[in-house]
Amino acid sequence: MKDSITIISSSRMGPGTFEAKFIPLSKVQQVDKIIVARKERGPEISKLSYHVLPSLCKNPFLNLLITPFILARLVKKHKARLLLAYHYIPHFYLVYIAAKFTGTPYILGQTGTDVHRLAALPVRGWFIRRIIKHALFFNVPGSRSQKRWNEMGFDNVHVLHSTIDTERFIPSISDTKEFDFIYIGRLEVYKGLPRIFNAMEELVKIYPDIKMAVVGYGSLEEELKTEVRERGLSGNISFHGFQKDTRAWLHKARIFVMASDNEGLPCALMEAMSCGMVCISS
0 MKDSITIISS SRMGPGTFEA KFIPLSKVQQ VDKIIVARKE RGPEISKLSY
50 HVLPSLCKNP FLNLLITPFI LARLVKKHKA RLLLAYHYIP HFYLVYIAAK
100 FTGTPYILGQ TGTDVHRLAA LPVRGWFIRR IIKHALFFNV PGSRSQKRWN
150 EMGFDNVHVL HSTIDTERFI PSISDTKEFD FIYIGRLEVY KGLPRIFNAM
200 EELVKIYPDI KMAVVGYGSL EEELKTEVRE RGLSGNISFH GFQKDTRAWL
250 HKARIFVMAS DNEGLPCALM EAMSCGMVCI SS
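And the structure:
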């Protein structure tokens with residue numbers, strides 16, 4: 000294809016999130032191939048291949064020194080027309096430096112909200128503001144994030160939601176459910192799981208046998224398990240870690256719940272809606 004493009008990316012997202020970002024991109028007709036430079040291979044996706052970084056890049060300092068040169072070399076080798084980064088540490092920095100070496104335009108994708116706080120700092124946030132300012136596009140997950148960046152003076156900010164496969168995420172044909180509620184997502188502060196536990200505490204007083212499944216992983220996993228035990232909810236709330244087949248888990252429950260502080264339109268919520276579930280969301 001005459002106008003086809005090759006994209007070089009620096010992105011390291013967890014299972015599920017990675018596919019949600021790159022599968023839609025791989026389906027764009029103009030995209031010929033995507034090469035992702037990262038420390039390990041990821042899921043198999045059409046048009047996408049991996050360049051595994053040397054083990055030296057496991058050191059954060061050496062990663063900052065070495066990876067921009069690798070990205071620049073990949074741009075030259077594959078005649079890439081775009082650089083792409085998801086998540087600001089360290090990927091925004093790596094792609095920005097590679098773009099300076101090669102003169103290649105770059106696109107940034109926001110994941111999470113930590114970058115807001117960094118960019119708002121007068122001194123420490125200067126470099127990240129510069130990186131965002133010079134991006135061809137800065138894609139964010141929701142209108143609230145877009146508004147915050149616009150208020151800071153950025154005019155290259157666009158809302159870009161992830162997509163899901165609505166032909167796969169269909170309603171369950173079974174009326175038998177193992178759980179009354181299910182949460183699927185990261186186990187992090189901004190996800191607001193204690194709010195859900197508060198509600199479960201009240202519901203258990205009326206319906207002592209209700210069950211909830213927590214599906215996902217994150218830095219707060221052990222802390223949240225301890226909280227559930229201390230609240231006396233171990234018989235009602237169970238943790239199941241990361242599960243690749245989220246559709247199978249959605250089909251096990253009646254109601255999908257989430258209580259994030261600040262989020263766009265999460266894939267898990269869209270998948271639950273596509274499955275025809277009752278959804279309760281912040």
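The sequence shown begins at 0 in numbering that gives the first Met the number 0 and counts up by one.
Note that the Cβ used here is the ideal one computed from N, Cα and C, for glycine as well.
This structure is a prediction, so every number in the text was calculated from the model and none was measured.
Query	Result
Give me, in chain order, the residues of the same chain whose beta-carbon lies closer than 6 Å to that of residue 133; leave out the 5 immediate sequence neighbours on both sides.	none
May I ask which residues mark the beginning and end of the beta strand (DSSP E) holding residue 8?	4-10
Report yes if the CB atom of residue 91 is closer than 8 Å to the CB atom of residue 71, and no otherwise.	no
Which residues in the same chain as residue 24 place their Cβ atom closer than 7 Å to its Cβ, once the five residues preceding and following it in sequence are excluded?	30 and 33
Considering just the uninterrupted stretch of the alpha helix (DSSP H) at residue 48, what are its terminal residues?	No alpha helix (DSSP H) holds residue 48; the beta strand (DSSP E) holding it covers 47-51.
Inspect the beta-carbon positions of residue 192 and residue 223 and report whether they are closer than 8 Å.	yes
Would you list, in sequence order, the uninterrupted alpha helix (DSSP H) runs of no fewer than 4 residues that lie entirely inside the region 99-157?	113-118, 125-132 and 142-150
Please go through the same chain and pick out, in chain order, the residues whose beta-carbon is closer than 8 Å to the beta-carbon of residue 226, but skip the five residues on each side of it.	193 and 196
Between residue 187 and residue 217, is the Cβ-Cβ spacing less than 8 Å?	yes
Given a threshold of 16 other Cβ atoms within 10 Å of its Cβ, counted over all protein chains shown, does residue 173 qualify as buried or as exposed?	exposed
Tell me which residues share the same chain as residue 249 and place their Cβ nearer than 6 Å to its Cβ, disregarding the 5 neighbours each side in the sequence.	271 and 274
Since residue 84 sits in a beta bridge, which residues does DSSP pair it with?	9 and 107
Flag this pair as yes or no: are the beta carbons of residue 6 and residue 93 separated by less than 8 Å?	no
Going by beta-carbon coordinates alone, are residue 141 and residue 158 separated by less than 8 Å?	yes
Compare the Cα-Cα distances from residue 37 to each of 51, 117 and 64 and report the closest residue.	51
Taking Cβ to Cβ, would you say residue 293 is nearer than 8 Å to residue 256?	Outside the shown range of the chain, which is 0 to 281, sits residue 293, and nothing can be said about it.
By Cβ distance, which residues of its chain are closer than 8 Å to residue 145, with the 5 residues on each side in sequence left out?	139, 156, 157 and 158
So, residue 68 versus residue 42, is the Cβ gap smaller than 8 Å?	no
Using a Cβ-Cβ cutoff of less than 7 Å, which residues in the same chain neighbour residue 254 once the five nearest sequence positions on both sides are dropped?	179, 180, 276, 277 and 279
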